[in-house]
Amino acid sequence: NRLHFVLTGDEIPEYNILYAGQQQEDELHCYVFDVAPKQIVGKKRYFQGRIWVDDHDFQIVKTYGKTVPDIRKKKGQENLFPNFTTWREQIDGKYWFPTYTRADDTLHFSNGDVKIREIVKYENYKQFGSKSRITYQGQEVPRGSGQPGQAPPPK
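Add 7 to a position in the sequence shown, counting from 1, and you land on the number used in this note's numbering.
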């Protein structure tokens, strides 16, 4: 499921992206685009729907659509996806992260319809960090140095 759809630069060529206009979303002025995969390749999952892009940061701030394709195999094996809306908020002062996703849809299975209602809240984002140290032949290599025991090159 692609509830929190991300469109990376590498994926853009896989989609038809059609400018649909401008719209106010809360306090944000947004560009609106309709997005659909150019073709379905293998078992890969795609997003089809609409995205709202903030006109200041040029980040996706809202999505509405669904994962495609729905999967219908013989012997009643079906995997259908609901339409969903995901809202994002600027968490770290730079990037927009999903904070709330809602789906309220009816899935039409071959043996009957199933009403689905789903809410996902994304909370407590934390910036990942790590510390490392490099040792060479048992000695710690100072930061900025190529070899143990050497001072960093002058700047």
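C-beta: ideal position from N, C-alpha, C; glycine also.
Rounded separation between residue i and residue j - CA only
{"i": "T92", "j": "Y132", "result": "20 angstroms"}
{"i": "G119", "j": "R52", "result": "24 angstroms"}
{"i": "K26", "j": "D41", "result": "According to the sequence provided, residue 26 is Tyr. The question's Lys does not apply to it. Taking the straight line from one Cα to the other gives about 7 angstroms."}
{"i": "Y107", "j": "E18", "result": "23 angstroms"}
{"i": "H115", "j": "N90", "result": "12 angstroms"}
{"i": "I123", "j": "R109", "result": "10 angstroms"}
{"i": "P149", "j": "H63", "result": "41 angstroms"}
For residue i, three-class secondary structure by DSSP
{"i": "K69", "result": "strand"}
{"i": "K128", "result": "strand"}
{"i": "G49", "result": "coil"}
{"i": "K80", "result": "coil"}
Cβ neighbours of residue i in the same chain (closer than 8 angstroms, five flanking residues each side left out)
{"i": "I78", "result": "Q84, E85, N86, L87"}
{"i": "Q31", "result": "C37"}
{"i": "R57", "result": "A27, V39, F40, D41, V42, T70, Y71, G72"}
Residues of its chain near residue i, where Cβ-Cβ distance is below 6 angstroms and the 5 sequence neighbours each way are ignored
{"i": "W103", "result": "Q66, V68, R95, Q97"}
Same chain, Cβ closer than 7 angstroms to residue i, five either side skipped, listed in chain order
{"i": "G28", "result": "V39"}
{"i": "P76", "result": "I47"}
- Within the segment 8-41, note down every full beta strand (DSSP E) run reaching 3 residues or more, in order along the chain. 22-32
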